[in-house]
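Enquirer: The following block contains the structure, expressed as structure tokens.
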Amino acid sequence: MLFTVLGDLSAKGVDCLVAFQSLKFKVLDMRSPLLNKLSVIFGPRPPVSWLLLCFVSVLALIAVFGSSSSNSFDSVTSTPVPEIFTNYRRLKEQAAVDYFELRTILSGSSRQRELGLCCKERENYVPCYNVTANLISGFKDGEEFDRRCEVPRQGSWCLVRPPKDYKIPLRWPAGRDVIWSGNIKITKDQFLSSGGVTKRIMLLEENQIAFHPEDGLIFDGVKDYSRQIAEMLGLGSDSELFQAGVRTVLDIGCGFGSFGAHLVSLKLMTLCIAAYEATGSQVQLALERGLPAMIGNFISRQLPYPSLSFDMVHCAQCGIVWDKKEGIFLIEIDRLLKPGGYFVLTSPTSKPQGSSTSMKKRNMLTPLEQYTEKICWSLIAQQDDTFIWQKTADAHCYSSNKKNDVPLCKEGYDAPYYQALVPCITGTSSKRWIPIQNRSSSSDLSSAELEVHGNPEDFFEDLQVWKLALKNYWSLLTPLIFSDHPKRPGDEDPLPPFNMVRNVMDMNAHYGGLNAAFLEERKSVWVMNVVPVRAHNTLPLILDRGFLGVLHDWCEPFPTYPRTYDLLHANGLLSHLTSERCGLMELFIEMDRILRPEGWVVLSDKLGVIELARAHATQIRWDARVIDLQNGSDERLLLLWQRMNYRWHHNVGYAPEFRQCAGKILVRSKSDQANDENSHGYARARAVNMPRSESTLYG
């Protein structure tokens, strides 16, 4: 009977995929309570007489209604073709979903269990950083803060929940200057004890932390400090830094990101790195402000960036003793700096007891001058407590060094994924050895600079593809933002909310085309371009284009705090990981950890792996929608949405292994759920379906 239905429908010109809808309902009807009652009345095997009577009745009904049904089908076939396919795309999408559900029903597989929440102590959980365990293992002198993912993680899967007082961050650029204090883990004592050129310009007000860089009463000189650095480089103002070749800056120990926020306003891509901190994290606060940052510590291991990555490295009271370990920290900075790049160091401003400031400077600079001479650096400026060294633009300087205290690394050595620090110089034989002062003045790379990485036409075509893809992504996200989102614009801002998304991660960045498309469309975002360690290493190209990026193994957690990105994007990453040693479920749990509540995920991949990803998304309580790209391939788009109120309104429990934390049994009562609901601004539960967009992707 089921095959007859399929044959009749296809014979009448209806898309065969739509037939699965009827097939699904028939299978569901077979499992209906009515059939169960009939089986109770007649038993598992009804009498033959009843079967014959039913068969005769069906033949009679066919004879009576045959003509009318044929007329109805004739009316369908006589309908104009445009009307038949008006909603073809919607029907096809729904048919694909129905087919997936039908296959699940026929196979008899039950729905997988949804994951529970982690305990409260894991609200700011960062895997791979366990200071206590590292100290017990004997690591010290800063190495206890190193990243160690080789230790197996114990416990069952669970979802990191936001703090009780968590609120959706303000839209950019307001969110740069005002953040919610409940969104980060920091104490008042850390406010009072914080100091330095980038830390003292914030105020704690009730449930907010406010930054007022232009307030004369508390202005800590960030703009003056930036202008001072520019003048020390021989420039008229800091607005000339870009034309002088400074486009990417690595800010070590960035405080709370105020210096980086100022450089970002000058169109300089500034990445903050700092060691892991359980509370008062510089990285967490910078990301909460919408500023680029990630956890990074090079006490014993290299940072995950290739050689010749940054134009300037900045350290303002960053806590690193640069003359320790035979100057190996300076050698790591030399590896990261581009030829002709600058190292800016600001020493502590407080005077030590019993010694003068001049004596302190002399004691500090003497060993630094010795080590910097060995690696061909020149001290080009000194003013007050700030010193600027410049890396040589002559690659032969290292080999012609008479002392030869720092040898060159072996040819082709550049594997910087958390490898041990090496006391040798890298990058001198690279084709990318181009002094920053000799680069083109425009923001785009010249043809000659692109040829170092491959065919320039390939990069141009890649940009055109991603410009079109970004427009389609935005057409899908815009109705979601307008329909049901805490940051949706009001009547005073009816235009598409281009400032809704700030922190973006491209998990498989390729050439950085998505980042380039964002810049072309003048979106107010920054992109962390991630290049998987087992993929073709395109990170040097991404960094040379003035973008930010990092190498990462997606079989491991990403070095960031929970709730730090608004949008995650991955093209082809899932197919890449299916051949790796890790599973997709671990990846989805990690994505859930680093995604902000009410954030989005856009995945593009083959149909089979997209179906699997959709099943995982339901386990972690995301809204999911599969979209056919209409390009004739088996590639599909999976749009995911992490709704913050979902976890409070569906009686989500804690994972069994995490019910007992810090000696307390965690039980969620109805009053707890009501308090959560009120604290997040939700007066009642809302079950809003994701609105559909009828725009066709990729033409």
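If you count by our numbering, then the sequence shown holds residues 22 to 720, one letter each, in order. Every residue gets a Cβ at the ideal spot worked out from N, C-alpha and C, and that includes glycine.
(1) Looking only at its chain, what residues have a beta carbon closer than 7 angstroms to the beta carbon of V546, apart from the 5 residues adjacent to it on each side?
(2) Kindly provide the ranges of any alpha helix (DSSP H) runs that are 4 or more residues long and lie completely inside the stretch 138-208, ordered along the chain.
(3) Helix, strand or coil: how does DSSP classify D245 here?
(4) Are E142 and N155 touching if we call contact CB-CB under 7 angstroms?
(5) When you compare only the Cα positions, how much space is there between E261 and A251?
(6) Using a 10 Å radius around the Cβ and a threshold of 16 neighbouring Cβ atoms, would you call K188 buried or exposed?
(7) Enumerate in chain order the residues of its own chain whose CB-to-CB distance from P428 is below 6 angstroms, with the five nearest sequence positions on each side excluded.
(8) Looking only at C-alpha atoms, which of R192, I200, R134 and N204 sits nearest to E144?
(9) Whose CA, out of L616, D162 and L660, lies closest to the CA of R635?
(10) Using the C-alpha atoms, what's the distance from Q458 back to W643?
(11) Pick helix, strand or coil for S302, following the three-state DSSP scheme.
(12) Assess, as a yes-or-no matter, whether the stretch 331-349 is touched by the stretch 263-272 under the definition of 3 or more beta carbon pairs within less than 8 angstroms.
(13) Over what stretch of residues does the alpha helix (DSSP H) that includes Y419 continue unbroken?
(14) I'd like the span of the alpha helix (DSSP H) that includes G361, first residue to last.
(15) Excluding the 5 residues flanking L594 on each side, which residues of the same chain have their C-beta closer than 6 angstroms to its C-beta?
(16) Among the residues of its own chain, which have a CB less than 8 angstroms from the CB of N92, if the five just before and after it don't count?
(17) By how many angstroms is the C-alpha of R555 removed from the C-alpha of G361?
(18) Does DSSP put G620 in a helix, in a strand, or in coil?
(19) Could you give the DSSP three-state label for K412: helix, strand or coil?
(20) If you draw a straight line from the alpha carbon of V443 to that of G281, how long is it in whole angstroms?
(21) Might you give, ordered along the chain, the residues of its own chain that have their beta carbon closer than 8 angstroms to the beta carbon of A307, omitting 5 neighbours on each side?
(22) Tell me whether T447 is buried or exposed, calling it buried when 16 or more other Cβ atoms sit within 10 Å of its Cβ.
(23) Taking contact to mean at least 3 C-beta pairs separated by less than 8 angstroms, is the stretch 296-306 in contact with the stretch 321-335?
(24) Just the C-alpha distance for D479 and E472, rounded to the nearest angstrom, thanks.
(25) Quick one: what does DSSP say G629 is sitting in, helix, strand or coil?
(26) Let me know if D626 comes out buried or exposed under the rule of 16 or more other beta-carbons within 10 Å of its beta-carbon.
(27) Rounded to a whole number of angstroms, what is the C-alpha to C-alpha distance between I341 and S654?
(28) Name the DSSP bridge partner or partners of F539?
(29) So if DSSP puts M526 in a beta bridge, which residue, or which two residues, is it bridged to?
(30) Taking its Cβ as the centre, do 16 or more other Cβ atoms sit within 10 Å of E541, making it buried, or is it exposed?
(31) Can you list, in chain order, the residues of its chain with a C-beta nearer than 6 angstroms to that of R356? Leave out the 5 residues immediately preceding and following it.
(32) Have a look at L605, T393 and G620 and flag the residue whose alpha-carbon is nearest the alpha-carbon of L633.
(33) Just checking my contact of D613 with Q663 at CB under 8 angstroms: how many whole Å lie between their CB atoms?
(34) Going by alpha carbons, who is nearest to A487 out of V152, I401, H590 and R168?
(35) Tell me the rounded alpha-carbon separation between L658 and S596.
(36) Output needed for V267: all residues of its chain with C-beta closer than 6 angstroms, excluding positions within five of it in sequence on either side, in chain order.
Expert: Result, derived from the coordinates:
(1) Here residue 546 refers to the residue found at position 525 when the sequence shown is read from its first residue. Short of 7 angstroms from the beta carbon of V546, and not among the five residues preceding or following it, lie these beta carbons of its own chain, in chain order: V522, R523, V525 and F539.
(2) The stretch 138-208 contains these whole alpha helix (DSSP H) runs: 152-157 and 195-198.
(3) For the purposes of this step, residue 245 is taken as residue 224 along the sequence shown, with counting starting at 1. The three-state secondary structure of D245, taken from DSSP, is helix.
(4) For the purposes of this step, residue 142 is taken as residue 121 along the sequence shown, with counting starting at 1. For the purposes of this step, residue 155 is taken as residue 134 along the sequence shown, with counting starting at 1. No. Outside cutoff.
(5) Taking the first residue of the sequence shown as position 1, residue 261 is located at position 240. Taking the first residue of the sequence shown as position 1, residue 251 is located at position 230. Distance between E261 and A251, taken at the CA atoms: about 8 angstroms.
(6) On the sequence shown, position 167 is the one that residue 188 refers to. Buried.
(7) Within the sequence shown, the letter at position 407 stands for residue 428. Exclusion of the five residues before and after P428 leaves C445 as the residues of its chain whose Cβ lies within less than 6 angstroms of its Cβ.
(8) In the sequence shown, residue 144 corresponds to position 123, counting from 1. Per the Cα distances, N204.
(9) By 1-based counting over the sequence shown, the position of residue 635 is 614. R635 has its Cα closest to that of L660, out of L616, D162 and L660.
(10) Sequence index remark: in the sequence shown, residue 643 carries index 622 (1-based). Sequence index remark: in the sequence shown, residue 458 carries index 437 (1-based). Approximately 48 angstroms, taken between the alpha carbons.
(11) For this step, residue 302 is matched to residue 281 along the sequence shown. Three-state DSSP puts S302 in coil, outside helix and strand.
(12) Touching, yes, given that three or more Cβ pairs across the two stretches are closer than 8 angstroms.
(13) By one-based count along the sequence shown, residue 419 stands at place 398. Its alpha helix (DSSP H) spans residues H417 to S420.
(14) The residue labelled residue 361 in the question sits at position 340 within the sequence shown. Element bounds for G361: not the alpha helix (DSSP H) but the beta strand (DSSP E), L358 to T367.
(15) Residue mapping note: residue 594 aligns to position 573 of the sequence shown, counting from 1. Only M528 and N529 meet the Cβ criterion.
(16) Taking the first residue of the sequence shown as position 1, residue 92 is located at position 71. For N92, the predicted model reports a pLDDT of 40, less than 50, meaning its position is unreliable and no value from the coordinates is stated.
(17) The residue given as residue 361 occupies position 340 in the sequence shown. The residue given as residue 555 occupies position 534 in the sequence shown. Distance from the CA atom of G361 to the CA atom of R555, rounded to whole angstroms, is 31 angstroms.
(18) As a first step, residue 620 must be located in the sequence shown, where it is residue number 599. The answer is strand: DSSP assigns G620 an E or B state.
(19) Counting from 1 along the sequence shown, the entry for residue 412 is found at position 391. For K412, the secondary structure class from DSSP, reduced to helix, strand or coil, is strand.
(20) As a working mapping, residue 443 is identified with position 422 in the sequence shown. As a working mapping, residue 281 is identified with position 260 in the sequence shown. For V443 and G281, the distance between alpha carbons rounds to 29 angstroms.
(21) As a position in the sequence shown, residue 307 is number 286, starting the count at 1. Closer than 8 angstroms at the Cβ level, and outside the excluded window around A307, lie C275, F277, G278, G281, C293, P313 and A314.
(22) If you number the sequence shown from 1, residue 447 lands on position 426. By the 10 Å Cβ count, T447 comes out buried.
(23) Contact between the stretch 296-306 and the stretch 321-335 is absent, because fewer than three Cβ pairs lie under 8 angstroms.
(24) Working through the sequence shown from its first residue, we reach residue 479 at position 458. Working through the sequence shown from its first residue, we reach residue 472 at position 451. Straight-line measurement puts the Cα of E472 at about 10 angstroms from the Cα of D479.
(25) Reading the sequence shown from its first residue, position 608 is the one you call residue 629. Assigned with DSSP and collapsed to three states, G629 falls in helix.
(26) Counting from one through the sequence shown, the residue named residue 626 turns up at place 605. It is buried - the Cβ of D626 has at least 16 other Cβ atoms within 10 Å.
(27) Numbered from its first residue, the sequence shown carries residue 341 at position 320. Numbered from its first residue, the sequence shown carries residue 654 at position 633. Separation of I341 and S654 (C-alpha to C-alpha, rounded to the nearest whole angstrom) is 53 angstroms.
(28) One-based indexing of the sequence shown puts residue 539 at position 518. DSSP output for F539 lists no bridge partner at all.
(29) Against the sequence shown, residue 526 aligns to sequence position 505. Under DSSP, M526 shares a beta bridge with M549 and L589.
(30) On the sequence shown, position 520 is the one that residue 541 refers to. So E541 counts as exposed.
(31) Position 335 of the sequence shown, counted from the first residue, corresponds to residue 356. Cβ neighbours of R356 within its own chain (closer than 6 angstroms, five residues either side excluded): S328 and T447.
(32) Counting from 1 along the sequence shown, the entry for residue 633 is found at position 612. Minimum Cα distance to L633 is reached at L605.
(33) By 1-based counting over the sequence shown, the position of residue 613 is 592. By 1-based counting over the sequence shown, the position of residue 663 is 642. Your pair D613 and Q663 checks out as a contact, with CB atoms roughly 7 angstroms apart and the cut at 8 angstroms.
(34) Here residue 487 refers to the residue found at position 466 when the sequence shown is read from its first residue. Reading off the sequence, residue 487 comes out as Trp, not Ala. Nearest to W487 by C-alpha distance, out of V152, I401, H590 and R168, is H590.
(35) Against the sequence shown, residue 658 aligns to sequence position 637. Against the sequence shown, residue 596 aligns to sequence position 575. Those two C-alpha atoms are separated by around 13 angstroms.
(36) The sequence position of residue 267 within the sequence shown is 246, counting from 1. D332 and M333.
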